[in-house]
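S.K.:
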């Protein structure tokens with residue numbers, strides 16, 4: 212057996228452990244399951260996707276909508292970024 216040491220956010224670890232506990236498995240078992248799937252599929256066993264909100268196409272659409280709104284008397288405001296933490 213080998214040891215794997217990783218650094219993760221405390222809240223992420225706590226939340227993941229709670230879910231795995233509900234499933235009746237440990238964080239170690241879940242990590243082993245993930246790594247086995249990586250080997251079986253020869254890649255990450257789920258689709259990785261960027262948030263479509265930030266795509267170039269959507270940003271262009273938002274700029275066009277903002278310009279249209281401002282040209283018809285609407286008012287725009289800056290977005291406030293909120294952390295998911």
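In this note's numbering, the protein residues as written are 212 to 296.
Glycine included, C-beta positions come from ideal geometry on N, C-alpha and C.
1) According to DSSP, simplified to helix, strand and coil, what is residue 247?
2) Return the first residue and the last residue of the alpha helix (DSSP H) that residue 224 is part of.
3) My assumption, with CB atoms under 8 angstroms, is that residue 237 sits in contact with residue 231. Please give the rounded CB distance.
4) Tell me the residue span of the alpha helix (DSSP H) that contains residue 271.
M.R.: Well, looking at it:
1) helix
2) 221-234
3) 6 angstroms
4) 267-282
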